[in-house]
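Participant:
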Amino acid sequence: MVFRNYRIEIHPRNGNILPSVIPTVFGCTVSSPSALVVKGSTDERGLVFTDINGSTFNNHPVFTHLAFFTKQFPGNPPEIAEITAVVDLQLTGTNIKSNQINIRVSFLDTYSI
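In structure tokens form, the structure reads like this:
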């Protein structure tokens, strides 16, 4: 199983203020195959949101884990673009619009177990 860790930053644009429930710096781990399902039951990737220290978000009101983080976008985009799109989609329930924020995702490291 391979794990890739990413840093996620959300920067408000034009003086917009984010609700306190939205972290401005946090992370995610993409596991391949998904670590959120029974071992051997899938080849799909999984995505888990974490705090800045790498601890898994538990019952976060906005960011929910994806047991199946599949390629949902045409043209086989980079994983960073997929993560950016997922963060943007999960923010839609908060009334935050894409034009009110900048989302930056950067690769941190990878490891295998």
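Residue numbers for the sequence shown, in this note's numbering: 1372 to 1484. Backbone N, C-alpha and C fix where the C-beta goes; we use that ideal spot for every residue, glycine too.
Does the distance from the CB of residue 1378 to the CB of residue 1472 come in under 8 Å?
Facilitator: As a working mapping, residue 1378 is identified with position 7 in the sequence shown. As a working mapping, residue 1472 is identified with position 101 in the sequence shown. Taking 8 Å as the Cβ cut-off, residue 1378 and residue 1472 do not qualify as a contacting pair.
Participant: Threshold first: 3 residues or longer. Then list the beta strand (DSSP E) segments lying entirely within the region 1409-1481, N to C.
Facilitator: List check, beta strand (DSSP E) in window: 1417-1421.
Participant: Do you know whose CA, among 1470, 1463, 1424 and 1432, lies nearest residue 1396's CA?
Facilitator: Counting from 1 along the sequence shown, the entry for residue 1396 is found at position 25. With distances taken between Cα atoms, residue 1396 lies closest to 1424.
Participant: Could you pull out every residue in the same chain whose Cβ sits closer than 7 Å to the Cβ of residue 1399, ignoring the five residues on either side in sequence?
Facilitator: Taking the first residue of the sequence shown as position 1, residue 1399 is located at position 28. The answer, listed in chain order, is 1377, 1379, 1418, 1419, 1420, 1421 and 1454.
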